[in-house]
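A.B. asks: Chains as they are written, first to last, in numbering that gives the first Met the number 0: chain P, 0 to 235; chain B, 0 to 238. To start, I am sharing the structure in question, which I have written as structure tokens.
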Amino acid sequence: MARVGGELKLLGLWASPFVTRAKLALQIKGLSYEYVEEDLGNKSELLLSSNPVHKAVPVLIHNGKPVCESSVIVQYIDDAFAGSGPSLLPADPYQRAVACFWAAYLEDKMLTPWGRVFKVKTDEEKAEAMRQTIAAVDVLEDGLKECSGGQGPFFGGDSVGYVDILLGGMVSWVKASEPLSGSKLIDAEKTPLLAAWMERFCELDAAKAVLQDVDRVVEYAKLVMTKNAARASNNN
Amino acid sequence: MAAEELTLLGLWASPFVIRARIALNLKGLTYVYAEDSIYNKSELLLKSNPVLKKVPVLIHDGKPVCESQVIVQYIDEAFPAAAGAPILPSAPYDRAVARFWASYVEDKWFSTWLPVFSGRTAEERVEAATQVVAVLQTLEQAFKECSKGKAFFGGDTVGLVDVVLGGHLGWLYATEAICGVKVVDATKTPLLVAWAERFCALDAVKGLIPDVDRLVEYNKTRRAALGLPLLLPYAELQQ
């Protein structure tokens with residue numbers, strides 16, 4: 000892969016779907032970078048100084064300058080390396096607005112409740128959070144229809160775009176959902192377009208190179224939920 | 000450009016709607032403003048934003064754009080002949096910094112500020128106010144980083160973060176009158192307080208930021224409509 004436009008370093012965590020988004024974007028744009036696995040229990044000086052506000056991964060460091068927040072990173076990669084690989088956002092302002100609307104929907108309506116599944120204490124709260132997440136996935140099916148405009152399996156149409164990468168980063172966790180909770184997040188019977196999307200997405204070279212092993216994610220998730228439950232009962 | 004081509008559906012008190020109106024004004028764009036109703040959403044709103052059913056919605060040549068930050072960026076990109084400086088800078092790194100802080104405002108603002116209003120005890124509201132001040136102090140640092148000594152987050156001209164944060168200024172100023180806790184404090188966030196005054200004085204912004212009195216009345220009416228007790232500024236909080 001060509002080393003284009005300077006030094007790139009990505010601070011991350013293998014399990015994080017947000018880090019996976021950044022890796023996917025870098026891969027799709029054909030960019031080489033140095034990857035640094037962080038330990039959240041012992042954050043590096045570099046991480047703390049690069050992201051003092053959130054102290055979180057991913058952080059992309061380009062020629063020494065940090066970019067934080069996964070969606071900001073993906074857009075930055077598209078802006079700063081415009082000549083490299085495909086464009087992630089459409090050229091037309093209206094199409095761009097449609098893509099950004101669905102990106103915001105994905106974050107606010109699907110990921111926010113889904114994150115709660117791993118943090119809340121009771122089974123009732125978990126079930127409610129899953130219900131809200133699945134409801135959002137149903138709506139996202141319409142989003143896929145609108146964004147792709149019937150031009151292809153991806154939100155970006157016949158090629159991978161911004162929303163594909165934001166959702167794509169979550170794929171291993173989506174697949175982990177069934178073993179973890181018993182519910183399929185993306186169910187071919189309920190959301191056939193999204194199910195087809197997921198299949199096609201996983202066939203991409205970038206996805207094969209970057210997506211985490213689902214079994215490993217399942218084990219990790221169980222560990223996180225056990226830790227959260229223990230912390231919650233210690234606080235009671 | 001004919002005014003019929005652009006319509007904005009909004010609510011006068013909504014910070015999100017105010018963002019969109021500021022952006023339209025910055026670009027010198029004429030548009031039809033349609034005040035919607037929080038109690039009785041219009042057919043046009045429900046048709047234009049079926050997913051979220053919320054204002055603001057910008058309708059351009061019949062095509063709706065939803066979500067305030069998406070609208071602001073659309074206004075910046077879709078009218079190349081429009082007046083006014085770009086809202087988003089052109090350099091990729093500067094864009095990333097602007098987007099980071101706009102995202103910070105979006106994630107932190109409401110979740111931190113709403114508890115000041117919804118706290119049931121004086122202690123809860125004072126604690127919530129402390130959190131708001133902490134967010135404002137972070138934004139003070141952001142202002143230093145982004146403005147580089149100039150008047151706005153966007154530098155010499157108004158940028159994305161100015162618009163995104165600026166939309167909230169009416170409610171920010173009204174917080175003390177409604178909740179009895181001080182959040183706007185020039186001793187704690189001097190740069191931000193000075194920025195806010197400058198921002199509100201701009202032609203593009205004047206008249207859009209609702210007066211404190213109007214918001215105090217609005218809050219009373221809303222709370223009554225929702226069956227909530229009035230928020231009385233507790234006497235002990237004034238000390």
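Even for Gly, the Cβ is constructed at its ideal location relative to N, Cα and C.
Give, in chain order, every residue of the stretch 62-79 of chain P whose Cβ lies closer than 8 angstroms to some Cβ of chain B.
C.D. replies: Near chain B, meaning a CB-to-CB distance below 8 angstroms, the residues of the stretch 62-79 of chain P are Lys64, Val66, Cys67, Glu68, Ser70, Val71, Ile72, Gln74, Tyr75, Asp78 and Ala79.
A.B. asks: According to DSSP, simplified to helix, strand and coil, what is leucine 9 (chain P)?
C.D. replies: In the first sequence, the residue the question calls residue 9 (chain P) occupies position 10. Correct three-state label for leucine 9 (chain P): strand.
A.B. asks: What are the boundary residues of the alpha helix (DSSP H) that proline 92 (chain P) is part of?
C.D. replies: Counting from 1 along the first sequence, the entry for residue 92 (chain P) is found at position 93. Unbroken alpha helix (DSSP H) run through proline 92 (chain P): 92-104.
A.B. asks: With a 10 Å radius around its C-beta and 16 neighbouring C-beta atoms as the bar for buried, classify phenylalanine 17 (chain P) as buried or exposed.
C.D. replies: As a first step, residue 17 (chain P) is located in the first sequence; it is residue number 18 there, counting from the start. Buried, since its Cβ has 16 or more Cβ neighbours within 10 Å.
A.B. asks: If you count every other CB in all the chains shown that lies within 10 Å of the CB of alanine 2 (chain B), and 16 or more means buried, which is it?
C.D. replies: Within the second sequence, residue 2 (chain B) is the residue found at index 3, counting from 1. Confidence at alanine 2 (chain B) is low in this model, with a pLDDT of 45, below 50, so its placement is unreliable and no value can be given for it.
A.B. asks: Mind checking who alanine 33 (chain B) pairs with in its DSSP beta bridge?
C.D. replies: By 1-based counting over the second sequence, the position of residue 33 (chain B) is 34. Beta-bridge pairing links alanine 33 (chain B) to B:Leu8.
A.B. asks: Hey, out of B:Thr129, B:Val16, B:Ser146 and B:Ile70, whose CA is closest to tyrosine 32 (chain B)'s CA?
C.D. replies: Translated into the one-based positions of the second sequence, residue 32 (chain B) becomes position 33. The shortest C-alpha separation from tyrosine 32 (chain B) is found at B:Val16.
A.B. asks: Looking at chain B, is there any beta carbon in it that lies within less than 8 angstroms of the beta carbon of valine 216 (chain P)?
C.D. replies: Walking along the first sequence from the start, residue 216 (chain P) turns up at place 217. With 8 angstroms as the cut-off, valine 216 (chain P) does not count as an interface residue toward chain B.
A.B. asks: To test your reading of the DSSP string, which unbroken alpha helix (DSSP H) runs of 4 or more residues are found completely within the stretch 141-182 of chain P?
C.D. replies: 161-167 and 170-180
A.B. asks: Just to confirm the assignment: which complete beta strand (DSSP E) runs, minimum length 3, are found wholly within the stretch 41-95 of chain P?
C.D. replies: Residue ranges of uninterrupted beta strand (DSSP E) with 3 or more members, entirely inside the stretch 41-95 of chain P and ordered along the chain, are 58-61 and 64-67.
A.B. asks: Counting only beta-carbon separations shorter than 8 angstroms, does methionine 0 (chain B) have a partner in chain P?
C.D. replies: The residue given as residue 0 (chain B) occupies position 1 in the second sequence. Because methionine 0 (chain B) sits at a pLDDT of 47, beneath the cut-off of 50, its placement in the model cannot be relied upon, and the following sentence gives the value as read from the coordinates. For methionine 0 (chain B), the answer is no, since every Cβ of chain P falls outside 8 angstroms of its Cβ.
A.B. asks: If you follow the beta strand (DSSP E) that isoleucine 86 (chain B) is in, where does it begin and where does it stop?
C.D. replies: Residue 86 (chain B) sits at position 87 when you count from the first residue of the second sequence. First-last for isoleucine 86 (chain B): undefined, no H or E at that position.
A.B. asks: Would you check if the stretch 186-195 of chain B and the stretch 37-54 of chain B touch, i.e. whether three or more CB-CB distances between them fall below 8 angstroms?
C.D. replies: Result no; under three Cβ-Cβ pairs closer than 8 angstroms.
A.B. asks: Here's a check: name, in chain order, each residue in its chain whose Cβ is nearer than 8 angstroms to the Cβ of valine 115 (chain B), leaving out the five neighbours to either side.
C.D. replies: By one-based count along the second sequence, residue 115 (chain B) stands at place 116. Only Arg124, Ala127, Ala128, Val131, Thr174, Cys178, Val180 and Val182 meet the Cβ criterion.
A.B. asks: For a contact defined as C-beta to C-beta under 8 angstroms, what are the partners of valine 18 (chain P) on chain B?
C.D. replies: Translated into the one-based positions of the first sequence, residue 18 (chain P) becomes position 19. In chain order: nothing, as chain B lies at least about 17 angstroms away.
A.B. asks: Give, in chain order, every residue of the stretch 21-47 of chain P whose Cβ lies closer than 8 angstroms to some Cβ of chain B.
C.D. replies: none
A.B. asks: I'd like to know whether the C-beta atoms of isoleucine 27 (chain P) and valine 170 (chain P) end up nearer to each other than 8 angstroms.
C.D. replies: Walking along the first sequence from the start, residue 27 (chain P) turns up at place 28. Walking along the first sequence from the start, residue 170 (chain P) turns up at place 171. No, the pair does not count as a contact, with Cβ atoms beyond the cut-off.
A.B. asks: Tell me the rounded alpha-carbon separation between glutamate 33 (chain P) and aspartate 184 (chain B).
C.D. replies: Here residue 33 (chain P) refers to the residue found at position 34 of the first sequence. Here residue 184 (chain B) refers to the residue found at position 185 of the second sequence. Taking the straight line from one Cα to the other gives about 44 angstroms.
A.B. asks: Would you check if there are 3 or more beta carbon pairs closer than 8 angstroms linking the stretch 114-127 of chain P to the stretch 87-106 of chain B?
C.D. replies: no
A.B. asks: Locate the beta strand (DSSP E) running through lysine 62 (chain B), then write down its first and last residues.
C.D. replies: For this step, residue 62 (chain B) is matched to residue 63 along the second sequence. 62-65 is the span of the beta strand (DSSP E), which, as asked, contains lysine 62 (chain B).
A.B. asks: Pull the bridge partners of valine 58 (chain B) from the DSSP assignment, please.
C.D. replies: Reading the second sequence from its first residue, position 59 is the one you call residue 58 (chain B). In the sequence as presented, valine is not what sits at residue 58 (chain B); that position holds isoleucine. Answer by DSSP bridge pairing, in chain order: B:Thr6 and B:Pro63.
A.B. asks: I'd like the list of long-range same chain contacts for alanine 1 (chain P), defined as Cβ closer than 6 angstroms, with 5 residues on each side in sequence excluded.
C.D. replies: Position 2 of the first sequence, counted from the start, is the residue given in the question as residue 1 (chain P). Reliability of the predicted coordinates at alanine 1 (chain P) is poor, the pLDDT of 48 falling under 50, and the value obtained from them is presented with this limitation in mind. So the list is empty, once near-sequence residues are dropped.
A.B. asks: Alpha carbons only, please: which of B:Thr6, B:Trp11, B:Leu7 and B:Leu5 is nearest the one belonging to asparagine 218 (chain B)?
C.D. replies: Numbered from its first residue, the second sequence carries residue 218 (chain B) at position 219. Minimum Cα distance to asparagine 218 (chain B) is reached at B:Trp11.
A.B. asks: Here's the rule: buried if 16 or more other CB atoms are within 10 angstroms of the residue's CB, otherwise exposed. What is valine 73 (chain P)?
C.D. replies: Taking the first residue of the first sequence as 1, we reach residue 73 (chain P) at position 74. Flag for valine 73 (chain P) reads buried.
A.B. asks: Where does tyrosine 38 (chain B) sit, in a helix, a strand or coil, going by DSSP?
C.D. replies: As a position in the second sequence, residue 38 (chain B) is number 39, starting the count at 1. DSSP places tyrosine 38 (chain B) in coil when its eight states are reduced to three.
A.B. asks: Could you have a look at glutamate 32 (chain P) and say whether DSSP puts it in helix, strand or coil?
C.D. replies: Stepping through the first sequence from its first residue, residue 32 (chain P) is reached at position 33. Checking the displayed sequence, the identity of residue 32 (chain P) turns out to be tyrosine instead of glutamate. DSSP places tyrosine 32 (chain P) in coil when its eight states are reduced to three.
A.B. asks: In angstroms, rounded to a whole number, what distance separates the CA positions of glycine 29 (chain P) and aspartate 204 (chain P)?
C.D. replies: Here the question's residue 29 (chain P) lines up with position 30 in the first sequence. Here the question's residue 204 (chain P) lines up with position 205 in the first sequence. Straight-line Cα distance between these residues: approximately 11 angstroms.
A.B. asks: Once the 5 residues before and after threonine 6 (chain B) are set aside, which same chain residues still bring their CB inside 7 angstroms of it?
C.D. replies: Residue mapping note: residue 6 (chain B) aligns to position 7 of the second sequence, counting from 1. Residues Tyr30, Val31, Ala33 and Ile58 of the same chain have their beta carbon placed closer than 7 angstroms to that of threonine 6 (chain B), with the five preceding and five following residues left out of the count.
A.B. asks: Beta carbon of glycine 168 (chain P), beta carbon of serine 69 (chain P): below 8 angstroms?
C.D. replies: Translated into positions along the first sequence, residue 168 (chain P) becomes position 169. Translated into positions along the first sequence, residue 69 (chain P) becomes position 70. Taking the C-beta atoms as reference points, serine 69 (chain P) is found nearer than 8 angstroms to glycine 168 (chain P).
A.B. asks: Give the single residue among B:Gln136, B:Val157 and B:Pro63 whose Cα lies nearest to the Cα of serine 146 (chain B).
C.D. replies: Residue numbering aside, residue 146 (chain B) sits at position 147 when the second sequence is read from its first letter. The shortest Cα separation from serine 146 (chain B) among B:Gln136, B:Val157 and B:Pro63 belongs to B:Val157.
A.B. asks: Which residue comes first and which comes last in the alpha helix (DSSP H) that contains leucine 39 (chain P)?
C.D. replies: As a first step, residue 39 (chain P) must be located in the first sequence, where it is residue number 40. For leucine 39 (chain P), there is no enclosing alpha helix (DSSP H), since its DSSP letter is neither H nor E.
A.B. asks: Return the chain-ordered list of same chain residues with a C-beta closer than 8 angstroms to the C-beta of glycine 169 (chain B), the five sequence neighbours on each side being excluded.
C.D. replies: Along the second sequence, read from residue 1 onward, the residue named residue 169 (chain B) stands at position 170. The answer, listed in chain order, is Ala12, Pro14, Ile17, Ile208, Pro209, Asp210, Val211 and Leu214.
A.B. asks: Which residues of the stretch 64-84 of chain B have a Cβ closer than 8 angstroms to any Cβ of chain P? Give them in chain order.
C.D. replies: Val64, Cys65, Glu66, Gln68, Val69, Ile70, Gln72, Tyr73, Glu76 and Ala77
A.B. asks: Mind checking threonine 19 (chain P): buried by the 16 CB within 10 Å criterion, or exposed?
C.D. replies: What you label residue 19 (chain P) is simply residue 20 of the first sequence in a count that begins at 1. So threonine 19 (chain P) ends up on the buried side.
A.B. asks: Round the Cβ separation of isoleucine 86 (chain B) and valine 71 (chain B) to the nearest angstrom and send it over; I've been treating them as touching at under 8 angstroms.
C.D. replies: Residue mapping note: residue 86 (chain B) aligns to position 87 of the second sequence, counting from 1. Residue mapping note: residue 71 (chain B) aligns to position 72 of the second sequence, counting from 1. Going by Cβ atoms, the distance from isoleucine 86 (chain B) to valine 71 (chain B) rounds to 6 angstroms, so yes, they are a contact pair.
A.B. asks: Nearest to cysteine 99 (chain P) by CA position, among P:Ala208, P:Leu165 and P:Ala229, is which residue?
C.D. replies: As a position in the first sequence, residue 99 (chain P) is number 100, starting the count at 1. Answer by Cα proximity: P:Leu165.
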